[in-house]
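Protein chains in written order, with the numbering used here: chain A, 1 to 316; chain F, 317 to 632.
Note sheet for the following structure.
There are 2 protein chains.
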Amino acid sequence: MNRITNLLSIQYPLIQAGMVWCSGWELASEVSKSGGLGVIGSGSMYPEILDEHLTKCKASGAQQFAVNIPLLYPQIDEHIKTIIKHRVPVVISSAGSPKKWTKQLQNEGIKVLHVVSSALFALKSQDAGVDGIIAEGFEAGGHNGRDETTTLCLIPAVKEQIEIPLIAAGGISSGKSMLAAMVLGAEGVQIGSRFVASQESSAHASFKQAVIEAKEGDTELSLKSVTPVRLLKNEFYEEVKKATESGASGDELKALLGKGRAKKGMFEGDLDQGELEIGQIASLLHEVIPAKDIVAEIINEYNNIGGKKLGGYFDF
Amino acid sequence: MNRITNLLSIQYPLIQAGMVWCSGWELASEVSKSGGLGVIGSGSMYPEILDEHLTKCKASGAQQFAVNIPLLYPQIDEHIKTIIKHRVPVVISSAGSPKKWTKQLQNEGIKVLHVVSSALFALKSQDAGVDGIIAEGFEAGGHNGRDETTTLCLIPAVKEQIEIPLIAAGGISSGKSMLAAMVLGAEGVQIGSRFVASQESSAHASFKQAVIEAKEGDTELSLKSVTPVRLLKNEFYEEVKKATESGASGDELKALLGKGRAKKGMFEGDLDQGELEIGQIASLLHEVIPAKDIVAEIINEYNNIGGKKLGGYFDF
Numbered sequence: 001m002n003r004i005t006n007l008l009s010i011q012y013p014l015i016q017a018g019m020v021w022c023s024g025w026e027l028a029s030e031v032s033k034s035g036g037l038g039v040i041g042s043g044s045m046y047p048e049i050l051d052e053h054l055t056k057c058k059a060s061g062a063q064q065f066a067v068n069i070p071l072l073y074p075q076i077d078e079h080i081k082t083i084i085k086h087r088v089p090v091v092i093s094s095a096g097s098p099k100k101w102t103k104q105l106q107n108e109g110i111k112v113l114h115v116v117s118s119a120l121f122a123l124k125s126q127d128a129g130v131d132g133i134i135a136e137g138f139e140a141g142g143h144n145g146r147d148e149t150t151t152l153c154l155i156p157a158v159k160e161q162i163e164i165p166l167i168a169a170g171g172i173s174s175g176k177s178m179l180a181a182m183v184l185g186a187e188g189v190q191i192g193s194r195f196v197a198s199q200e201s202s203a204h205a206s207f208k209q210a211v212i213e214a215k216e217g218d219t220e221l222s223l224k225s226v227t228p229v230r231l232l233k234n235e236f237y238e239e240v241k242k243a244t245e246s247g248a249s250g251d252e253l254k255a256l257l258g259k260g261r262a263k264k265g266m267f268e269g270d271l272d273q274g275e276l277e278i279g280q281i282a283s284l285l286h287e288v289i290p291a292k293d294i295v296a297e298i299i300n301e302y303n304n305i306g307g308k309k310l311g312g313y314f315d316f
Numbered sequence: 317m318n319r320i321t322n323l324l325s326i327q328y329p330l331i332q333a334g335m336v337w338c339s340g341w342e343l344a345s346e347v348s349k350s351g352g353l354g355v356i357g358s359g360s361m362y363p364e365i366l367d368e369h370l371t372k373c374k375a376s377g378a379q380q381f382a383v384n385i386p387l388l389y390p391q392i393d394e395h396i397k398t399i400i401k402h403r404v405p406v407v408i409s410s411a412g413s414p415k416k417w418t419k420q421l422q423n424e425g426i427k428v429l430h431v432v433s434s435a436l437f438a439l440k441s442q443d444a445g446v447d448g449i450i451a452e453g454f455e456a457g458g459h460n461g462r463d464e465t466t467t468l469c470l471i472p473a474v475k476e477q478i479e480i481p482l483i484a485a486g487g488i489s490s491g492k493s494m495l496a497a498m499v500l501g502a503e504g505v506q507i508g509s510r511f512v513a514s515q516e517s518s519a520h521a522s523f524k525q526a527v528i529e530a531k532e533g534d535t536e537l538s539l540k541s542v543t544p545v546r547l548l549k550n551e552f553y554e555e556v557k558k559a560t561e562s563g564a565s566g567d568e569l570k571a572l573l574g575k576g577r578a579k580k581g582m583f584e585g586d587l588d589q590g591e592l593e594i595g596q597i598a599s600l601l602h603e604v605i606p607a608k609d610i611v612a613e614i615i616n617e618y619n620n621i622g623g624k625k626l627g628g629y630f631d632f
């Protein structure tokens, strides 16, 4: 037991990241039933789709699970209603200010975690009353901060600023990296890329294959002048790079990005023209296995290296 | 005792990074006498200056110490002669291929470590016969790799590829980050920025002050089209950024960089027009203290969190 397992009523302080197009109810349910916190990524779902995923997640017997909401989601009021209707135990908010929704969700008995990429926003989020902070480093896949602070530098910096429980994200995929992040001051971890390459992930099979074939240097933080996002390098990434080097404006890059590229890449498997969001750690992933085996492998490795011997919050 | 302390005949597997303009004999000697490996950074020294620093380092009573040589140093033959003349116990090579000099140095009884920023070059360096690898992540100060792999992702990737001892660098400044890096598979650490802010560092007092006042986001990997280097943001950095955004060529950037900017910034204290090399971890540094206190603080924190309880190479 530590502050994270206690707060979220889970067995292991291991959260599966809510990821657009990759984490529907099948993945969330499987992680939750394996002792971690499974998370439905609602950023890529219409309100009625989220409703369907929550109905199925609950019907599957999952007890503790969460929904991730990017706070800039256009129909956020609908999502919030759906979440409250289904009595979702935990909400993970990201990409926006947690000031507006946190209290309302907490009044419904929902725990709120907020994702940040800097100590400054961690402190602001604590002031907004969230229950815990997820601090995500530069190596993480998908949307990321402008300071480019890596997990190794970010976690101690956030820990220095806040009192509430801290969860580390970015570059974590194993029991060793879980323990390393906890040594830095986090009481739990959020893991994304590794679960993209799980059997229950809703990512397209071609994208999963591309993830496990990725080599070092195959991802890069791209689209920095629009909104920084870590992508697997492909034709689309090269077009963005070329446009950026030729001095394209933010609007021109947005036009190049267009609509639906993330779906096209990650969900429909267009590896050339799709937007492929994945973390740097992809180069260490070598196989697609069931989510429950991923959780078990991580916890076994954590225990084998002797994590619990450090006592206190390490002995959850 | 572990493979690093054994290889280098030192008490703690803690190496002070050899840094241009910051690490002369005073710093190297103090770190060595405190139980770590002190390193003289020869990249900013004329051959006769290195000779003088080695004479003083030995006269100070330091037993184990090293010289860092960037392998692209123009008068490298002179440096190698000086190193052999002084019977320097350890050489740390960087920025180039270790094929040419490693055997010659080893034939003189000198241990050779080589600095890399990728698993690919770690493997090539092992094949070249070096005694150990220092793998340095994206968050490190100064010159860096093009893949932008962070220490958290780099160490497990290198560990997967090599058999020889591995030392982690980049983002490490404390006992906790030392232990975290070792959990990932390193058997020791190299620490740079923290020693820039030591009393014995030869950095200009104004630069030391700027380092301890740095906030998150205040460094960035710059000059990527020439040779990537992490800098503290200042007027010179802004000029480089502006030129890069206007599409300046590599040659134009080299002309802007000119000669002597690193000396001007770090050694002479010109905080506006100098090149100020420092790691991301600078935002976590708050004071300038003696190097021996830095070593003691790091080792105490490592022990207090319980590093040795993990056994094996953790119990050095």
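Note that CB positions come from ideal geometry on N, CA and C, so glycine has one too.
With respect to chain F, the C-beta atom of Pro156(A) has a partner C-beta closer than 8 Å.
With a threshold of 8 Å between beta carbons, Leu253(A) makes no contact with chain F.
Within chain F, no C-beta atom comes less than 7 Å from the C-beta of Asp315(A); the nearest is roughly 11 Å away. By the CB criterion at 8 Å, Ile385(F) and Val407(F) fall inside the cutoff.
Here Asn304(A) is exposed, its C-beta having fewer than 16 other C-beta atoms within 10 Å. For Thr418(F) against Val446(F), the beta-carbon gap comes to about 6 Å, under 8 Å, which counts as contact.
Closest option to Val512(F), judged by alpha-carbon separation, among Leu500(F), Gly491(F), Leu601(F), Gly453(F): Leu601(F). One thing to note: Ala578(F) has its Cβ no nearer than 8 Å to the Cβ of Glu568(F).
Contact note: Thr227(A) does not reach chain F at a C-beta cutoff of 9 Å; the least C-beta distance is about 16 Å. Each residue's CA atom was taken as its position, placing Met335(F) and Gly457(F) some 9 Å apart. Contact between Thr467(F) and Gly448(F) fails: their C-beta atoms lie close to 17 Å from each other, not under 8 Å. Identification of chain F residues near Val183(A) by a Cβ-Cβ cut-off of 7 Å yields Lys492, Leu495, Ala496, Val499, Ile621, ordered along the chain. Per DSSP, His602(F) lies in no beta strand (DSSP E) segment and is marked neither H nor E. Taking C-beta atoms as the reference points, Glu108(A) and Ile212(A) fail to come closer than 8 Å.
Using a Cβ-Cβ cut-off of 8 Å, Asp147(A) counts as an interface residue toward chain F, since at least one Cβ of chain F sits closer than that to its own. Gly132(A) has Leu113(A) as its beta-bridge partners, per DSSP.
For Gly141(A), no CB of chain F lies under 8 Å from its own CB, so it is not counted at the interface with that chain.
With a threshold of 8 Å between beta carbons, Ile281(A) makes contact with chain F.
With a 10 Å radius around the Cβ and a threshold of 16 neighbouring Cβ atoms, Asp393(F) comes out exposed.
Per DSSP, the beta-bridge partners of Glu536(F) are Leu547(F). Taking the beta carbon of Glu216(A) as reference, the chain F residues within 9 Å of it are Ser434, Ala435, Leu436, Asp463, Thr465, Cys469, Leu470, Ala473, listed in sequence order.
For Ala571(F), the enclosing alpha helix (DSSP H) stretches over residues 566–573. For Val295(A), the three-state secondary structure derived from DSSP is helix.
Taking 8 Å as the threshold, the shortest C-beta distance from Lys625(F) to chain A falls below it. In the DSSP assignment, Leu323(F) falls within the unbroken alpha helix (DSSP H) covering 319–324. Contacts with chain F at 8 Å (Cβ-Cβ) include Leu284(A).
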